[in-house]
Each structure stands twice: as structure tokens, then as C-alpha cells.
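Before any comments, here is the structure.
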Amino acid sequence: MTAADLYNDRILALARSRTGAGQLEGPCVRVSRDNPLCGDRISLDLRLEGGRIVGLAHRTRGCLLTEAAAALVAQLALGMTPGEAQALVRHVQDLLAGRPCASTPGELRVFAPVAAVKSRHDCVLLPFAALAEAAASANA
Amino acid sequence: MTAADLYNDRILALARSRTGAGQLEGPCVRVSRDNPLCGDRISLDLRLEGGRIVGLAHRTRGCLLTEAAAALVAQLALGMTPGEAQALVRHVQDLLAGRPCASTPGELRVFAPVAAVKSRHDCVLLPFAALAEAAASANA
Amino acid sequence: MNSEVTELRRAFPIFAAVPPPFHYLDNAATAQICHSAAEALHAFETRGRANVKRGVYRLADAATAAFEEARTAVAAYLGTDDPSEIAFTSGTTMGLNLAAHVLSPRLGPGRAILVSELEHHSNIVPWQMAAERTGAELRVAPVDEEGRLLVDRLEALLDERVAVVAIAHVSNVTGILVDVARVGAAARAVGALLVVDGAQRVPHGPFDVRALGCDLYAFSGHKMFAATGAGAIWIRRELAEELPPFLGGGEMIARVSFAGTTYARPPHRFEAGTPAIGPVLALGAAARWLLTLNWQTVRRREEALTARLLDGLAALPAIRILGPRDIRDRFGIVAFEVAGLHAHDVCQLLDGFGVCTRGGHHCAQPLMDRFGTVASVRASLAPYNDEADVDALLTGLEVISRKFR
Amino acid sequence: MNSEVTELRRAFPIFAAVPPPFHYLDNAATAQICHSAAEALHAFETRGRANVKRGVYRLADAATAAFEEARTAVAAYLGTDDPSEIAFTSGTTMGLNLAAHVLSPRLGPGRAILVSELEHHSNIVPWQMAAERTGAELRVAPVDEEGRLLVDRLEALLDERVAVVAIAHVSNVTGILVDVARVGAAARAVGALLVVDGAQRVPHGPFDVRALGCDLYAFSGHKMFAATGAGAIWIRRELAEELPPFLGGGEMIARVSFAGTTYARPPHRFEAGTPAIGPVLALGAAARWLLTLNWQTVRRREEALTARLLDGLAALPAIRILGPRDIRDRFGIVAFEVAGLHAHDVCQLLDGFGVCTRGGHHCAQPLMDRFGTVASVRASLAPYNDEADVDALLTGLEVISRKFR
Ligand SMILES: Cc1ncc(COP(=O)(O)O)c(C=O)c1O
Ligand SMILES: Cc1ncc(COP(=O)(O)O)c(C=O)c1O
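Taken in order, these protein sequences are the chains called H, S, W and L.
So the first sequence is numbered by this note's numbering: it starts at 70 and just counts up by one.
So the second sequence is numbered by this note's numbering: it starts at 70 and just counts up by one.
So the third sequence is numbered by this note's numbering: it starts at 3 and just counts up by one.
So the fourth sequence is numbered by this note's numbering: it starts at 3 and just counts up by one.
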């Protein structure tokens, strides 16, 4: 693993895309999570209709990896059921543990190089964990 | 240094002599000291007349080295001035530090092998420290 | 020498370094370090040194990963797969002090702490201090004349005022194994928490800490063939989440401000400041290595050696064994007196035979008081000991008591 | 490379182990271990292991003697010839927690503790906890926009209610040297005790701790080129005799009984349980080795390097230095931000150039708040650093800010 692998063009492009940055108007589920080790933080809004995610927005203050992950969360989650959204975090965990499974969405594999850098796993996980928490409470 | 050097015949003979074991009748200075690391303890009585030590007795519960040192203290101190008695402990300290001086009483040299075993220095020092304390307060 | 033992000894660098005769029987004070622990320590300090928990460069990332792997290994040794139940400390003493502090909010006037008469000072003094600090009462469960905990008497001292029971798993003087599961059940019945001093149990093989029914379990790395400077405390997950921190500093916080500080979750809440990283890695390596041994064989050999030691001591005229004469529910730790000789003299003279033993009160003065003595000699076994070690001790004692009494 | 530095580097095993490029600039987090410390540690653990303070056999006697010699060496490094003023701890954090606990009897409602805004969490959280425990007030002396302590403001906060002042000798974020002697005089004038966090001062050469006019002085071995797992606290002799113990356990007692326990004299009163013997011996060896260096030369080189670093950073467009731009009263620690880039990303990318730096709040969130930021990158120097290290950092930053912002 080199820094160039970690900060590959796709991750940089994701981070710069700022997909989903902002906040939802109207009723939604809102969760905030932070990473106590570095102080990074995400605040995520989620709206469900007919059992599907129809709106997602986030305010993220974090490193490039967290920003990229937040953008990917915003891309992937729309249209998912809460269960599918919750499953994403486990797929990311498996990927970072170096054992992605066959059903891991291909888009997540952009984070495969992070597997080698344990101290950055939480950076990637933060937005996915926030999504899972929001999806769980939206479903409750 | 071997155990045989440490427990040489002269030290054993001193310890077994129990010189000075017992207690003084009548007015005297009495001090007690213990060695917190091993729980050994000496209680020492001292009587001065005309600026000289004329009586000394001790109750000692200790190892062979402490017993031998207590016996030697009882042998040496009689007839000494308080100042001479107080000087003994410094001579023993120098001896144990491996730098005896010319004026160190020859009798003390029986403890020279103990210099090599730091953990036993306090065993030898205990009776001498008690003597110094008693001499100082008898003199006060 | 037994060939299994010969092979085991190769895993301990000290035996290649100290010339014979070298009969190391002071394992209860500190055991020798195993090769894998020494190598983990040395490799980290000289080739992989970086601080843990925050750094992102490769050296720091690798150090952090290794640190967390050590946690996983120690958890595995205690039979749990939840590493967050393991907080690293500097040793058993620190762990027990941590326990006494984090449990203090449960203490106060009208509440009680129950310890036993067989405890090491490290499992007495922190509770005396906690009692003084909080106004709680300190109760003491007695032992019988062999030093066995009187569990009935302990149970009789348990009522709903008792908030904490603190007890050794194995005595460091007699090697007696305490029936912690029974104590735990009795403690739970009155709502008390159970703190176990595991210092002398952990070197004798892996076990299932959850099955003991205790709440906190403290131990030292240096007694389990790792380095000096690190130990650990296991804290039951559900309890750990509720407990306050003990020490304050870096790495144990979520956010610090003068308006108010919030704390990290377990185990980090209990790990303030830079940990003893090298010694922790050694502890993890030792745990991993110990897990590869065949403990049935090791235990059987230890029992046979303990019996040989007890029988040999009983055959010597001037010896008084403190504690039981049999090997029932005990590990290989035997304390004894030599009539007419001071314990320190005996140890010093035994050193002349290349035999390393400990003399003194073994930091268990209340138990010494119970045995009616001030000091004793203690021989304690490890898997690398064999018949030659025990026989050297017995021969030495025979000569010494003939010559010096 | 400077030939003096080349020679110095040979005294640090890491440089033979990690292939170039390797520019270690994370010394404020943990410094690399010097050869003599590594050897003292390894020799003790693998060839000389025995517990200290009680054993009489040769191995134990030698361990105890070496342990006390380490105490003497550390005392000498601090300019005192009274080793009983040195108590070994597991590190700065532990030392400061010890201070906060042993001084607690002097705290209470109506009393105050004074710290500063530039402190490391280890010198904040223990005092917040002490304030909460005792009902004392916590006062905070502010710093200016460069992070320099406003000593006038500190003095204005001092009145006879203040029982303890706790302050860093050198900031771990800006490298600023605090005028401890002036703070000490002001503290004494109101009868307050002064506790100094010396973690970042001790790696920069010997000094006279008594001349500082403080009462307790805590530091870590791993930051002064020794091993992880041990540090020390200096406690002024007369004060130490009066203070209660902190942790309870073996070796810190005079006599234990359930009727009442009495404590050993300093320093043993403050050293409960088996110490981190190997790491302590390493600390002693490091102190002895450091005393052989020519510190005038070392300091001059560090100043020149610090200036080169500051100038280089100032020349880069996107960099904001946190703290002073000059080298007056500061050591080689420099924190900075790269506009538009997160500190962790910068550190990760610098690692690609073989440059090891730290990113984050550096356990000094209040100071980060003062600087109006959350995280920064920190480069910190040691005697083995040279121009090549600083230049690699500057080149890396230049490339990174060009490519990734
Ligand atoms: C100023 C300061 N104080 C205290 C500490 C804490 O030291 P340790 O983590 O070794 O306990 C540090 C180091 O992180 C520091 O820089
Ligand atoms: C039963 C018991 N508890 C506690 C301790 C203290 O362990 P440490 O000195 O490693 O903190 C010991 C060892 O001395 C022990 O045998």
C-alpha cells in the first residue's frame, strides 16, 4: 500500500463530488456521529417513502476518506430499503478486514486499499455507520 | 561472593554468641528500629556514665547477619563515647559501599563480604543504626 | 532432564544465559520471559517504535494494529472473543487499584467490601484505602489453619450491604485454588460485584473467565512469561460501559474542554496516556504462545513436581510447611519455614546451590499472622521446572539445616 | 548528512532497521529508543530477570541494585543527588494522576487548582477529576494568539485559595518553553504547590529541577529515548515525606494488617506493586547516555533545524503555523495546518515520502480551540534529525499541497 493507492483518483473524485452535501427540508430522520479519535463528524438526514430511501443529505467534516465515503453513501443509498442500507456497513467492514464477499457492491471496492491501513478504517466507516443508524431508526 | 563467604565462621560465631542479648535494668535510653522490607527488628537499651557507654543490651529478631551485627555492636560500644558510637554506622556504610577507610575498626571487616550483596546491607546496618540513634538521644 | 522440559526451556532465553547450576524457583514473584514475548518487545522497541491509537503513518499504523492484536490474544487466553473487555494496565496492582477506584461510587457509609485473609497486599491495601475514602466497612473472610478460604464463613459475611467482594483466584503463599465460582454465585445473590486477583492463576494455563462468574479480573504480564511493565484487567462488557474512568489523560477521552470532558468507551476509557506498548505486545505474544502448549501435560507435570516437593519437604526434619500438604486444588507454590533459621538466610544459602527462592512475608502479612509467623521461604514452579530443580532445593535444604541451625 | 548526526544515529537501532526514506519527525509522540536503553531492557528481560526490592539470591540482588542505580541516574539527569526524590511511574500521565491524588487532601471547597490553556489532556483531566472529587475550583490561565502563556494573567488568577498550580514545562504543540521559575515564585508567594508536566522538556537535555522552584515534576521514559512503560516523578524531598500514597499494594507498605496499615517512606511509598523493571533500567541507561552528550552542540543544531523548518513552512503558500514563527524560548516542535487539507490526509500523504508526522488535536483540544482549529499536523525534532529530514517534509508538503488541495 502506498499513499498513491489510498488517494487514488476515484477516491479523490468522490470526495470532491460532495454528493449529498447539504440538508433535507421537511420531516426526516437525522443522526450525528463522530469519530472520537480524530474529531471527524457527520450529520446525516434520511427520508423514507414506501419502504425505500428517497432522500439523503449530510454535513460532513472529515478527511478525504470520510468525505469520499459520505459521497458514496449518498450515491448508493437512494432507492434502497432500510435493510439494504444497513447491510452496507457490514460489507464495508468485511472489505476493510480484507475479506470482501461476492455480494459486496462493486462501488465499495474503491476503498479496498484502505484495508492495509488500520488507523483509517474508522474514517471510511463513519458515514456508513451513520447511514445504518439512520436506516434502523427510520425503520423502527 | 559465595554464600560461604557471607556466612563465614566468624559471622556465625558472632551471631551465635548472642552478645548483649537481654535488657538493662534501671534507667537507660531505649530505641526500637525495624527493617520494613523484612520485618526484622531490634530494641536496644543504652546507659551512659561520665560520657561513656557503660551498658548496652538488645532484643533482636533477625537473620544471622542482623544477629551478628547486634552482637558486634554490643562488643564494640562499651566504653565508647556517644560520638564514637555514632561514627560506627558510617564506617559500616563505607565498608558496605566497598570503600572502607583506614580508620575503620578492624572488627567491622567481618562484614566486608556483605558489600557484594546489596539486598543484605540493611540487615547489617540495622543494629548500628539503632546504636547511633540511642547514642544521639543519650547525648542530647 | 525430562525431554519435554528440555524443549520448553529452549523457549526461555534465560536458560541459555545463566550458567548452571540455575534452579529458578521464584516464579510466583516473577516468571522468566518466553522467547516470543522477548522478541515482540525487542522488535517493537528497536525496529517498530511508534506511538499507538492516533498515528497514521505506516510505522504507527502497524504499532496500533499490533497493540489491538495483543488485546485479542489476551482476550482469547481468557476464553472471550470480545477484546473490548480487556484494558491494559501496568500490572495486577494497578488493575486492583483501578477496580477499587472505579467501583468507589458504589461504596459509602452503610456499604461494605469483603476481602479474605489470604490476600496479597495488592488486594488488601487498595480496599482499605477505598473504605477510608468512602466510609465503607471492610470485612474479612477467614481461612483455616491450612490457609484454605472458609467459604461458609465468607457466605455468612455476605449481606445486601456488601457492594464488592475481592478475592484471589490462587494464593501466592500456598498455591491454593479458591472456588471463585462459588464465591461469585454467593456475591451475585446479594447483588455484590466480584473482583478477582488472578496474578497467580494466569501463568497456569488458559481458562474461561466468564465461567467464573466474576466482574473484574486483574493480572500481570511478568508473571505469565511476558515482560515487566504491563498487565491487564478484564471487565465484564456490560459493567465496563457503566463504570467511570480511573486515570485521566490522553487517549481515554472523547472530548476535553474546560466546560466539561467526555470519556471514550471501554477499553480506551481505562487506558490513559501512552501505554506500555512494548510490554503489551510481549503480553500478547506470550498469550499466543501459551495457547499452543498442551496444558493437560503441563498441569500433570506440575502436579507431580508439586507432590515431589511436598513429600521431600515433609521428609526433612526441620521443615514446617505453611498450608496444605496435599496437591488437591492447588498450584505449584509452597511456602515453608526452617526451624531455627531466618527465611532470608535460607534463601541466601540456597543461592549457593544455584537455587532461587523467595524469603519474607510474600506481601501477605495477614496470612503470615494467621500462620503465626513473620517470614517464610517460598518455592514456586513454572512449566520449565523439573525434578532436578526440586531435588536441588531439597538437597540444599538438607545441607543447610544440618550445617547452619 | 552532518557527520555528528551520522554518528548519533548509530546509537539508535531503528535507523539500521527501517529502510530509507525514513524521516522520523514524530518525536513528541514517542522518540526512538537509544541503543543503551534497548540493551538494558533486553539484557534484564532475557538474561537478568528477577523481581526487585525483596529477593536475596544473586539474580534478584543484581536486579535490585540495577533498579536503584537507575534511580540515581535519573536523579543525576535532573541535577539532584538525592535518588529518594525519584519515584518511578508508568509515564507522565501516571505521574500527573499520582500528583492529583496525593495532593487531594489539600483540595476541597473553597480551594482552587490553576492550570493553563496550553496543557496536554494529561495535565487537565486529572485536575478536572480532582476538582470534581474534592469540590475545588479549576481555574485556567489563558495563552495569547501564539500560544504563549500569559504569565501576568496567571499571576492575577493566583490567590491564597489556590492550593496547586499545574503547568507544562514545554508545550507539546508549539514547543514553547514556559517560564516555570517565574510561575513557581508566584505560586510560592500564595502558598500553592507547583506541579510541572515535563514530558516535552526532558528529551532536550539535563537541567536542574530544584532551580525551577517546583514541587513535583513528571515525565515519560519513551519520550526521552528509553522504553515504553516507565517514567518518573520527582517529588521535593520534604514534601514527599508528608504526602500520602496513591496506589496501594506490595512494596509500598511498612506493615499491613486489617487493624491498620502503615506505609513505607518515599520513594517506595509511591511505587506499589512490581515496577516496570526492564523499562526503568532502560530509563536509567538513557539518562546515563544522554548525560554524555554535548548539549550545547545538540541544542544549537536543534535551533538551526527548527529555524529551517519554520522558514520553510512560512515560504509555502498554503501553510498556517500554529504558534510562534521564531525560535525564541522554544524547542523543536512545530504544528501547522495545510489549507483545504485534513491533518490526517496530510500525514498519510507525507508517509508516502517517508516522513512520519502526527495529525490530530495532539491531546490539547483546549489549545486547538484557542487556535480556532480541530486538528493540525505536528513535526517534532530529536538530536538524530537533520536537514534532510526537514527538507523531505517541506518537499512533501509542497507536492501534496500542489496535487491534493
Ligand atoms: C506535554 C505532555 N504531557 C503529557 C504527555 C503524556 O505522556 P504519556 O502519554 O507518556 O503519559 C505528553 C505526551 O503525549 C505530553 O506531550
Ligand atoms: C496474588 C497476587 N496478587 C497481586 C500481586 C501483585 O502483582 P504485581 O506486583 O505484578 O502488581 C501478586 C504478585 O506479587 C500476587 O502474587
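From the three backbone atoms N, C-alpha and C, an ideal C-beta is built for every residue, glycine too.
It should be emphasised that the depicted structure is a prediction, and the values quoted were computed from it without experimental measurement.
Quick one: is W:ASP347 buried, meaning 16 or more other Cβ sit within 10 Å of its Cβ, or exposed?
Stepping through the third sequence from its first residue, residue 347 of chain W is reached at position 345. Its Cβ being crowded by 16 or more others within 10 Å, W:ASP347 is buried.
Check the Cβ-Cβ distances between L:HIS270 and every residue of chain W, and say whether any is below 7 Å.
The sequence position of residue 270 of chain L within the fourth sequence is 268, counting from 1. Chain W, which has no Cβ nearer than 7 Å to the Cβ of L:HIS270, makes this no.
Span of the beta strand (DSSP E) holding W:HIS224?
Within the third sequence, residue 224 of chain W is the residue found at index 222, counting from 1. Taken as a continuous stretch (DSSP letters only), W:HIS224 belongs to no beta strand (DSSP E), as it is neither H nor E.
Taking C-alpha atoms, which residue in L:LEU285, L:PRO319, L:ALA288, L:ILE329 lies nearest to L:GLU305?
Taking the fourth sequence and counting its residues from 1, the one referred to as residue 305 of chain L is at position 303. Nearest option by C-alpha distance: L:ILE329.
Tell me L:PHE338's beta-bridge partners as DSSP assigns them.
Position 336 of the fourth sequence, counted from the start, is the residue given in the question as residue 338 of chain L. For L:PHE338, which the question treats as bridged, DSSP gives the partners L:ILE323, L:VAL379.
With DSSP as the reference, please indicate the residues paired to L:ARG360 in a beta bridge.
Indexing the fourth sequence from 1 puts residue 360 of chain L at position 358. In DSSP, L:ARG360 forms a bridge with L:ARG380.
Return yes when the C-beta of W:GLY250 is under 6 Å from any heavy atom of ligand 1, and no when it is not.
In the third sequence, residue 250 of chain W corresponds to position 248, counting from 1. Flag unset: Cβ of W:GLY250 not near ligand 1.
Tell me, to the nearest whole angstrom, how far the beta carbon of L:LEU249 is from that of W:ASN99; I am working on the premise that it is less than 8 Å.
Looking up residue 249 of chain L in the fourth sequence gives position 247. Looking up residue 99 of chain W in the third sequence gives position 97. Yes, they are in contact, since the Cβ atoms of L:LEU249 and W:ASN99 sit about 5 Å apart, within 8 Å.
Thinking C-alpha only, which one of W:CYS216, W:SER38, W:LEU196, W:VAL192 is nearest W:ALA289?
The sequence position of residue 289 of chain W within the third sequence is 287, counting from 1. Nearest of W:CYS216, W:SER38, W:LEU196, W:VAL192 to W:ALA289, Cα basis: W:SER38.
Since L:ARG332 sits in a beta bridge, which residues does DSSP pair it with?
Along the fourth sequence, read from residue 1 onward, the residue named residue 332 of chain L stands at position 330. In DSSP, L:ARG332 forms a bridge with L:ILE178.
Between the region 322-342 of chain L and the region 364-375 of chain L, can you find at least three pairs of beta-carbon atoms closer than 8 Å?
yes
Whole-angstrom Cβ separation of L:LEU152 and L:LEU120, contact assumed at under 8 Å?
On the fourth sequence, position 150 is the one that residue 152 of chain L refers to. On the fourth sequence, position 118 is the one that residue 120 of chain L refers to. Not really, about 10 Å apart at Cβ, beyond 8 Å.
Between the alpha carbons of S:PRO182 and S:THR88, how many angstroms are there, rounded?
For the purposes of this step, residue 182 of chain S is taken as the residue at position 113 of the second sequence. For the purposes of this step, residue 88 of chain S is taken as the residue at position 19 of the second sequence. Each residue's alpha carbon lies about 22 Å from the other.
Mind checking whether the beta-carbon of L:HIS122 lies closer than 6 Å to any heavy atom of ligand 1?
The residue given as residue 122 of chain L occupies position 120 in the fourth sequence. The answer is yes for L:HIS122.
For the region 231-250 of chain L against the region 261-273 of chain L, do three or more pairs of beta-carbon atoms, one drawn from each stretch, fall closer than 8 Å, so that the two count as touching?
Segments in contact, yes.
Do the CB positions of W:ASN301 and W:GLY177 come within less than 7 Å of each other?
Start at 1 with the first residue of the third sequence, and residue 301 of chain W comes out as number 299. Start at 1 with the first residue of the third sequence, and residue 177 of chain W comes out as number 175. Per the sequence shown, the amino acid found at residue 301 of chain W is Arg instead of Asn. Not closer than 7 Å, so no.
Take W:ALA19 as the anchor and find which of L:GLY215, L:ALA18, L:LEU10, L:ALA45 has the nearest alpha-carbon.
For this step, residue 19 of chain W is matched to residue 17 along the third sequence. Nearest C-alpha to W:ALA19: L:ALA45.
Smallest Cα separation from L:VAL197: which of L:ALA187, L:TYR219, L:GLU339, L:GLY215?
The count along the fourth sequence starts at 1 and reaches residue 197 of chain L at position 195. For L:VAL197, the nearest C-alpha among the options comes from L:TYR219.
For the pair the region 177-186 of chain L and the region 123-137 of chain L, tell me if three or more CB-CB distances fall below 8 Å.
no
Starting from S:PRO105, find everything on chain L with Cβ-Cβ shorter than 7 Å and list it in chain order.
Locating residue 105 of chain S in the second sequence gives position 36, where the first residue counts as 1. Within chain L, the residues near S:PRO105 are ALA256, ALA266.
Is L:GLY93 closer than 7 Å to L:SER222 when the C-beta atoms are compared?
Counting from 1 along the fourth sequence, the entry for residue 222 of chain L is found at position 220. Counting from 1 along the fourth sequence, the entry for residue 93 of chain L is found at position 91. Yes. Within cutoff.
Measuring CB atoms only, is the region 190-205 of chain H touching the region 96-105 of chain S, in the sense that at least three cross pairs come out at less than 8 Å?
no
Identify, in the order they occur along the chain, each residue of the same chain with its Cβ nearer than 6 Å to the Cβ of W:ASP217, setting aside the five sequence neighbours on each side.
Indexing the third sequence from 1 puts residue 217 of chain W at position 215. LEU195, LEU196, ARG238, LEU241, listed in sequence order.
For S:SER206 and chain L, any beta-carbon pair shorter than 7 Å?
The residue labelled residue 206 of chain S in the question sits at position 137 within the second sequence. Not an interface residue.
Thinking C-alpha only, which one of L:GLY362, L:PHE338, L:VAL192 is nearest L:LEU116?
Looking up residue 116 of chain L in the fourth sequence gives position 114. If we check each option's Cα against that of L:LEU116, L:VAL192 comes out closest.
Whole angstroms are fine: how far does the CA of H:ASP114 sit from the CA of L:ARG380?
The residue given as residue 380 of chain L occupies position 378 in the fourth sequence. The residue given as residue 114 of chain H occupies position 45 in the first sequence. Going from the Cα of L:ARG380 to the Cα of H:ASP114 covers about 35 Å.
State the Cα-Cα distance for the pair L:GLY97 and W:ALA138, rounded to the nearest angstrom.
On the fourth sequence, residue 97 of chain L is found 95 positions in, with the first residue counted as 1. On the third sequence, residue 138 of chain W is found 136 positions in, with the first residue counted as 1. One C-alpha to the other measures close to 28 Å.
Among the candidates S:SER112, S:ILE122, S:LEU117, S:GLY152, whose CA atom is the shortest distance from the CA of S:GLU136?
Taking the first residue of the second sequence as 1, we reach residue 136 of chain S at position 67. Closest by alpha carbon: S:SER112.
With H, G and I counted as helix, E and B as strand and the rest as coil, what does DSSP make of W:ILE402?
The sequence position of residue 402 of chain W within the third sequence is 400, counting from 1. Three-state DSSP puts W:ILE402 in a helix.
Between the region 181-203 of chain W and chain S, which residues of the former have a C-beta closer than 7 Å to a C-beta of the latter?
Of all residues in the region 181-203 of chain W, none places a beta-carbon less than 7 Å from a beta-carbon of chain S.
Could you give the first and the last residue of the continuous alpha helix (DSSP H) run that contains S:ILE80?
By 1-based counting over the second sequence, the position of residue 80 of chain S is 11. Run containing S:ILE80: 78-86, per the alpha helix (DSSP H) assignment.
Can you give me, in chain order, the residues of the region 285-319 of chain W that have a beta carbon less than 7 Å from any beta carbon in chain H?
none
So with CB distances below 7 Å, who are the chain W contacts of S:THR71?
For the purposes of this step, residue 71 of chain S is taken as residue 2 along the second sequence, with counting starting at 1. By Cβ distance, chain W contributes GLY354.
Strictly below 7 Å CB to CB, what residues from chain L border W:THR32?
Numbered from 1 along the third sequence, position 30 holds the residue referred to as residue 32 of chain W. Neighbours of W:THR32 on chain L, chain order: ARG51, ALA52, ASN53, THR276.
Report all residues from its chain with a CB closer than 6 Å to the CB of L:PRO85; omit the five preceding and five following residues, and keep chain order.
Taking the fourth sequence and counting its residues from 1, the one referred to as residue 85 of chain L is at position 83. Once the five neighbours on either side are set aside, the close Cβ partners of L:PRO85 are ARG73, THR74, ALA77.
I need the straight-line Cα distance from L:GLY215 to S:TYR76, nearest angstrom please.
Here the question's residue 215 of chain L lines up with position 213 in the fourth sequence. Here the question's residue 76 of chain S lines up with position 7 in the second sequence. Taking the straight line from one Cα to the other gives about 48 Å.
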